[in-house]
Every structure is written in structure tokens, then in C-alpha cells.
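Worksheet for the structure shown next.
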Amino acid sequence: MTIKQHTTVESILRRLSSAVSGTERLLYTKEELHRFAQLHTDVWNEDTSEYVIAEAFTDFFWNSDKPCRRCSVCGKLMRTGYCLNNGDAYYCSDECLHTEFTDAQWEHECDTNADSYYSTWE
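Quick note on our numbering: the sequence shown kicks off at 1 and runs consecutively.
What follows is the structure, encoded as C-alpha cells:
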């Protein structure tokens, strides 16, 4: 690894951490995080947005043995939470869910739409 790539790896990981409020370190090892970043050093530069990096991160682990989703409200990564309409939105907590739904509205959503639910992704 060259110095330039190492700097880019660290930059990618710094922007990822900012986008997901540090939750990546709770769910993944340093090795897994570095593997993700190293795969993108030739594609991304310093102008690549935090949003693009965070979305690519969830895509990278989507079908792995350690999948995660990203909360649509606060941006944190999660393995347990609410899913709206098969992935139109995700909520990591009651607090985030309640920014868009009351308890009664969420209950109605789940009763009328089998693609809205609470789950653990494993």
C-alpha cells in the first residue's frame, strides 16, 4: 500500500464514521473496515461525499454474514430496527420512527403492508 492509498483509506473511514456517527466501529472489525475502504481507493477521491460512502458501505455488507441497514433519520448503522415498505426507509429506534409515525400510524402501516416491519438483520 502506498502512502497516498493509506491516506485515502483513512479519509474514507473518517468520512464513513462521520456519516454513521461512529456506529461502524460497533458492528465491524478494523480489518473489515479497511477491506471496504481499500476496495474503493481507486474509485473515490476527496470529493466523494459521506452519503455515497455510507450507502456503499451498507451495500458492501448487504448480503454478507454481517449485514446492516442505515437509519433514514439519524444515519446510524443498525442490525435491528424498523423497515418501511421493503426498504423505502429504516429507523433504528422508537425516537427515529416517531419522527414520521405515531405508534398508531406504525401499527396501521404494519397491519396493511406486510413489507413494513421490525426486524433483526443477520
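By construction, the Cβ of each residue, glycine as well, lies at the ideal position given by its N, Cα and C atoms.
- Its Cα nearest to that of Arg79, the residue Trp121 stands out among Thr29, Trp121, Thr8 and Arg14.
- In this structure Val20 is in contact with Leu77, their Cβ atoms being roughly 5 Å apart against a cut-off of 8 Å.
- By the C-beta density criterion, Leu26 is exposed, having fewer than 16 other C-beta atoms within 10 angstroms.
- In this structure, the CA atom of Thr99 is about 29 Å from the CA atom of Thr48.
- Following the DSSP letters along the chain, one finds Cys110 inside the alpha helix (DSSP H) bounded by residues Asp103 to Thr112.
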